[in-house]
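Q: Quick note, the sequence shown lines up with residues 32 to 237 if you use the numbering used here. Next up is a structure, given as structure tokens.
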Amino acid sequence: MPGQSTSAEAGLMSGTRVATAMGWRSVEAIAEGDKVLTFDAGLQTIVKVSHIRLWSAEESCPRRFWPLEVPAGALGNRELMHVMPGQNVMIESDAAEDLYGDPFSLIPAEAVEGTSGVERVPAQGDIDVIVLHFAEDQIVFAENGALFFCPACHDVLQAASSDSTCQPYAILPMDEARFLAVHLEEAQATNRAFSPQDTWAAAAMA
């Protein structure tokens, strides 16, 4: 039978490798008490690990549970990756700095769907996701270069309803995140159009 959780389309997919005190490790191998490297607070202790069978291959998976296939560079990742649509990802960009005065923005991965080649792909087999919980909200490093948000150890519904001013990380609303995604796509297209080779050639001909 298919299975769901209150975290729905969030969580790190099994096989995702993150930086720990013992080097790169798959999230499914991480346990309570392990130390994981965080973006702002160095090594922090995992206080809870939620293993979720989001969907079983026994039945056809609804499209809303399909993972996103993200080409290299779309979310700071160095190589193709798959991520759950509801997983929050931190990105660094000139566009974010221009819009918000900060180069770092935390957005739902779903916000970039349809831009930069990001699309949902049918689930293959079971969908297992792992949520790493810390004492406080944290951002962790993935081996592929992406930065993933991991929540503090509290109920997901409680976190969603809490006052955003009390949260150390502010997640952009979906409309603003989609707006930023369009700017990111435009910036990436510009970077591709003006490659380092083009710049060198233009300087040589000046």
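We put the beta carbon where it would ideally sit given N, CA and C, even for glycine. Please read these numbers as outputs of a predicted model, since none were measured by experiment.
Quick one, which of P204, I202, R94 and G148 has its alpha-carbon nearest A105's?
A: Of P204, I202, R94 and G148, the residue nearest in Cα terms is G148.
Q: Pick from L68, A177 and D125: whose alpha carbon is nearest that of V101?
A: When each option's Cα is compared against that of V101, the closest is A177.
Q: If you check the beta carbons only, do E141 and E150 fall under 8 angstroms apart?
A: Not in contact: E141 and E150 (Cβ atoms no closer than 8 angstroms).
Q: Out of L137, N175 and P153, state which residue places its alpha-carbon closest to the alpha-carbon of R109.
A: Closest by alpha carbon: N175.
Q: With a Cβ-Cβ cutoff of 8 angstroms, do A154 and C92 count as a contact?
A: Yes, these two residues count as a Cβ contact at 8 angstroms.
Q: Which residue from C181, V171, R209 and L203 puts its Cα closest to that of W55?
A: Cα-wise, what sits closest to W55 is V171.
Q: Taking the continuous beta strand (DSSP E) assigned at A126, which residues delimit it?
A: Premise fails: A126 lies in the alpha helix (DSSP H), D125 to Y131, not in any beta strand (DSSP E).
Q: Exposed or buried, which one is L111 when buried takes at least 16 other CB atoms within 10 Å?
A: The residue is exposed, with fewer than 16 neighbouring Cβ atoms inside 10 Å.
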